[in-house]
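K.L.:
Input: one structure, supplied below.
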Amino acid sequence: MTVAIDVKGLRKSYGALEAVRGVDLQIESGEVFALLGPNGAGKTTTVEILEGYRRRDAGDVSVLGFDPARRERAMKARIGIVLQSTGVEQFLTVSEVIEMYRGYYPKPRPLDEIIDVVGLNEKRGERVKKLSGGQQRRLDVAIGLAGDPELLFLDEPTTGFDPAARRRMWDAVKNLASLGKTIFLTTHYMDEAQELANRVAVISAGVIVAEGPPSTLAGREAAQTIVRFRLPERAPALPRSLKVPTAARDGLIEIEAADPVTVLHELTGWALEKKVELQQLEVSRPTLEDVYLKLTGDEAEAAE
Amino acid sequence: MSDVALALRQVKYENRSFWRNPASAFFTFVFPIMFMVIFNLIFGSSKYSPFGSNATVSQFYTPALMAFSIITACYTNIAMGVVFAREEGILKRMRGTPLPPWVYLFARIAVSVMVAVLLVVIIGVFGRVFYHVKLQGVRTLPELVVALVVGAATFCAIGLAMTSFVPNVDAAPAVVNATIFPLLFISDVFIPIQGNGVLTHIAAVFPVKHLSNAIIAAYNPHTVGAGFKGNDLAIMGAWAVAALIVALRRFRWEPRAQS
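In the order they appear, the protein sequences are chains A and B.
Under my numbering, the first residue of the first sequence is numbered 848, with each subsequent residue one higher.
Under my numbering, the first residue of the second sequence is numbered 11, with each subsequent residue one higher.
Set out below in structure tokens:
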């Protein structure tokens, strides 16, 4: 495996504010990597340094073997950038815009393929001005694909999308991943990272606080299962062997279970015997979002 | 594709965008023609004394509105269009592609100059056909061409420099119009200013009056010889150089409103 992006000891300050304080990242070719973090955690700064928009204060950065700070044309020819802001020439049609951007690259991807991947076939003759928000966003991705990049930066690709549009965008990204493209994704949505990424890193206050596959991030696989339910009023006391419930949220009883099978067996057996209804019974494992909120908790609240 | 081919291709797309945009097509292209018709209908056949007893006011408005055309097509159009493209993120997106940055700016400037040339030709033909306004023979033609070229270069440069003083899209029309309209009124463009008052001295500092005077010279019956106006051209040139320096130092590719 070759390394697509290699970052060591990256630092960047704006005046007195240290936005990025020593970030290390290594992304292999063909990987779908997601950088997660609350607003102001250093996410955009990091990505924009990799894309060549910002200069770093310190650290080593290599993107496809190039130093992005030098803004070399040869590097730009091999990457695709889908920014958050969605400015496109309003008065050109979808296919004209994609065609215009294709012309900037030495080996562009065929127009029809690009339109297919992002699902804008029915809109190809439509002026950009007339597209819906979701369609414009897919056009952004289409433009990012114009040069048939080896590495694609996707900055919050589905913010503001309705659920159906998100699914379509996810399909498009998976499609690209299956072609072996390296994808560097940033997102606020944990389900998006879970769905798309092979590996995620969480950035908080300018440092990477956790890194790994979404299923095992920050010991998520080892974390305890939670059994949650509500007891009706005047229910008999729970058996002692279940341990005293550890927390009650909105009147819900939560039991952290290292051995969920035993706990559930005991609980349901007790409920059947005593004819007690276990309202809203639920067994859950910590989601990526739970892990993420735990990791970024203070900062995310401060940013609200 | 070579960079030259890329540049020509970019001109094609920018040109298409320009004409499909009702706002730019109207304010930049229709405005000068509208003024041309209105001013001539109101004042056209009146005598215009500074040019002598045989001259009409159309003989003033034809060259004066050529100057106005260059100013709207180059200054106003570039300043507004580039601020809009910057704030929309179009410039930032372009910066992320292998397209050399100069190609994009060249294409915008080229389209502006093409529009200016088209307007100058339309106004010249209009004046000639409906009001019999003529150049002072072929001898002043070189002077006219030089004035148009220097004027277009100057106002394109000022337009680019001005973008760095406009913080966001909402401010663009206000800043761009507020800087140019007072000058248009005191610089022999909308109204011929006679005498040597305070306004004349103020106008003399800015490039608008020098552009209109350099173009008017080509139509003035009193112009002797080729009529080159070295002074006007030099002052425009100085503005062009100053604007270019400002643009090179202050031009930004990323939206300013967000950061």
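Backbone N, C-alpha and C fix where the C-beta goes; we use that ideal spot for every residue, glycine too.
1. Compare the C-beta of SER56/B with all C-beta atoms of chain A and state if any pair is closer than 8 Å.
2. Please classify PRO217/B as buried or exposed, where buried requires at least 16 neighbouring CB atoms within 10 angstroms.
3. Beta-carbon of SER27/B versus every beta-carbon of chain A: anything under 8 Å?
4. Which residues bound the beta strand (DSSP E) around SER1051/A?
5. Taking 8 Å as the threshold (beta carbon to beta carbon), is ARG920/A in contact with chain B?
6. How about LEU18/B and GLY950/A: do their beta carbons lie closer than 8 Å?
7. Would you please state the rounded distance, in angstroms, between the beta carbons of ILE226/B and PHE165/B? I believe it to be under 8 Å.
8. What residues in its chain sit with their C-beta under 6 Å from that of MET172/B, if we drop five residues either side in the sequence?
9. Which parts of the segment 212-258 of chain B are runs of the alpha helix (DSSP H), unbroken and 4 residues or longer, counting only runs that do not cross its ends?
10. Pull the bridge partners of GLY981/A from the DSSP assignment, please.
11. Looking at chain A, is there any beta carbon in it that lies within less than 8 Å of the beta carbon of THR107/B?
12. Show which residues of chain A have a CB atom less than 8 Å away from the CB atom of MET11/B.
13. Decide if PRO231/B is buried, meaning its Cβ has at least 16 other Cβ atoms within 10 Å, or exposed.
14. What's the gap between the Cα of LEU158/B and the Cα of ALA95/B?
15. Compare the C-beta of ALA989/A with all C-beta atoms of chain B and state if any pair is closer than 8 Å.
16. Strictly by DSSP, which residues pair up with ASP1002/A?
17. For PRO1083/A versus VAL1123/A, is the C-beta distance shorter than 8 Å?
18. Is there a C-beta anywhere in chain C that falls below 8 Å from the one on LYS239/B?
19. Touching or not, the segment 1033-1052 of chain A and the segment 877-886 of chain A, by the rule of three or more beta carbon pairs under 8 Å?
20. Report yes if the C-beta distance between SER979/A and ILE962/A is below 8 Å; otherwise report no.
21. Can you tell me the Cα-Cα spacing of GLU936/A and MET11/B, whole angstroms?
22. Pair every Cβ in the segment 124-138 of chain B with every Cβ in the segment 72-86 of chain B, then say whether three or more of these pairs are closer than 8 Å.
23. Quick one: what's got a C-beta closer than 6 Å to MET1037/A's C-beta in the same chain, skipping five residues either side?
24. Strictly below 8 Å CB to CB, what residues from chain B border LYS923/A?
25. Return the residues of the segment 70-81 of chain B that lie within a Cβ-Cβ distance of less than 7 Å from chain A, sorted by chain order.
26. According to a CB-to-CB cut-off of less than 8 Å, which residues of the segment 937-969 of chain A neighbour chain B?
27. Since THR38/B and VAL186/B should fall inside the 8 Å C-beta cutoff, what is the C-beta to C-beta distance between them, to a whole number of angstroms?
28. Identify every residue that forms a DSSP beta bridge with ASP198/B.
29. Would you identify the three-state DSSP class for SER79/B, choosing helix, strand or coil?
30. How about GLU997/A and LEU911/A: are their beta carbons less than 8 Å apart?
31. So with CB distances below 7 Å, who are the chain A contacts of ARG259/B?
32. Taking only the alpha-carbon atoms, compute the straight-line gap between PRO1086/A and SER1062/A and give it to the nearest angstrom.
33. Going straight from the alpha carbon of ALA863/A to that of LEU883/A, what length do you get?
P.N.:
Once the coordinates are examined:
1. Walking along the second sequence from the start, residue 56/B turns up at place 46. With 8 Å as the cut-off, SER56/B does not count as an interface residue toward chain A.
2. As a working mapping, residue 217/B is identified with position 207 in the second sequence. Per the 10 Å Cβ criterion, buried.
3. The count along the second sequence starts at 1 and reaches residue 27/B at position 17. Yes, contact with chain A.
4. Start at 1 with the first residue of the first sequence, and residue 1051/A comes out as number 204. 1046-1051 is the extent of the beta strand (DSSP E) around SER1051/A.
5. Looking up residue 920/A in the first sequence gives position 73. Chain B contact via Cβ: present.
6. Along the second sequence, read from residue 1 onward, the residue named residue 18/B stands at position 8. Along the first sequence, read from residue 1 onward, the residue named residue 950/A stands at position 103. No.
7. The residue given as residue 226/B occupies position 216 in the second sequence. The residue given as residue 165/B occupies position 155 in the second sequence. Their Cβ separation, rounded to whole angstroms, is 17 Å, which puts ILE226/B and PHE165/B out of contact at 8 Å.
8. On the second sequence, position 162 is the one that residue 172/B refers to. Only ALA89 meet the Cβ criterion.
9. 217-227
10. Residue 981/A sits at position 134 when you count from the first residue of the first sequence. DSSP lists no partner for GLY981/A.
11. Position 97 of the second sequence, counting from 1, holds the residue named residue 107/B. True, the Cβ-Cβ gap to chain A drops below 8 Å.
12. Against the second sequence, residue 11/B aligns to sequence position 1. Here the neighbours are GLY950.
13. Counting from 1 along the second sequence, the entry for residue 231/B is found at position 221. With fewer than 16 other Cβ atoms within 10 Å, it is exposed.
14. Residue mapping note: residue 158/B aligns to position 148 of the second sequence, counting from 1. Residue mapping note: residue 95/B aligns to position 85 of the second sequence, counting from 1. One C-alpha to the other measures close to 27 Å.
15. As a position in the first sequence, residue 989/A is number 142, starting the count at 1. Closer than 8 Å: no.
16. The residue labelled residue 1002/A in the question sits at position 155 within the first sequence. In DSSP, ASP1002/A forms a bridge with THR1033/A.
17. As a working note, residue 1083/A is residue 236 in the first sequence. As a working note, residue 1123/A is residue 276 in the first sequence. The answer is yes: Cβ separation under 8 Å.
18. No chain C appears in this structure, whose protein chains are A and B.
19. yes
20. The sequence position of residue 979/A within the first sequence is 132, counting from 1. The sequence position of residue 962/A within the first sequence is 115, counting from 1. Cβ distance not < 8 Å, so SER979/A and ILE962/A don't count as in contact.
21. Working through the first sequence from its first residue, we reach residue 936/A at position 89. Working through the second sequence from its first residue, we reach residue 11/B at position 1. Spanning the two alpha carbons is a distance of roughly 22 Å.
22. yes
23. In the first sequence, residue 1037/A corresponds to position 190, counting from 1. Closer than 6 Å at the Cβ level, and outside the excluded window around MET1037/A, lie LEU1135, GLU1136 and TYR1139.
24. The residue given as residue 923/A occupies position 76 in the first sequence. Neighbours of LYS923/A on chain B, chain order: GLY106, THR107 and PRO108.
25. none
26. GLN937, PHE938, LEU939, GLU943, MET947, TYR948, GLY950, TYR951, TYR952 and PRO953
27. On the second sequence, position 28 is the one that residue 38/B refers to. On the second sequence, position 176 is the one that residue 186/B refers to. THR38/B to VAL186/B, Cβ: 12 Å. No contact.
28. Numbered from its first residue, the second sequence carries residue 198/B at position 188. According to DSSP, ASP198/B bridges with nothing at all.
29. As a working note, residue 79/B is residue 69 in the second sequence. In the structure shown, SER79/B sits in a helix (DSSP, three-state: H, G or I).
30. As a working mapping, residue 997/A is identified with position 150 in the first sequence. As a working mapping, residue 911/A is identified with position 64 in the first sequence. In this structure, LEU911/A lies closer than 8 Å to GLU997/A by Cβ.
31. The residue labelled residue 259/B in the question sits at position 249 within the second sequence. Ordered by position in chain A, no residue passes the 7 Å Cβ test against ARG259/B, which lies about 17 Å from the chain.
32. Numbered from 1 along the first sequence, position 239 holds the residue referred to as residue 1086/A. Numbered from 1 along the first sequence, position 215 holds the residue referred to as residue 1062/A. Taking the straight line from one Cα to the other gives about 33 Å.
33. Counted from its first residue, the first sequence places residue 863/A at position 16. Counted from its first residue, the first sequence places residue 883/A at position 36. The alpha-carbon atoms of ALA863/A and LEU883/A are separated by roughly 24 Å.
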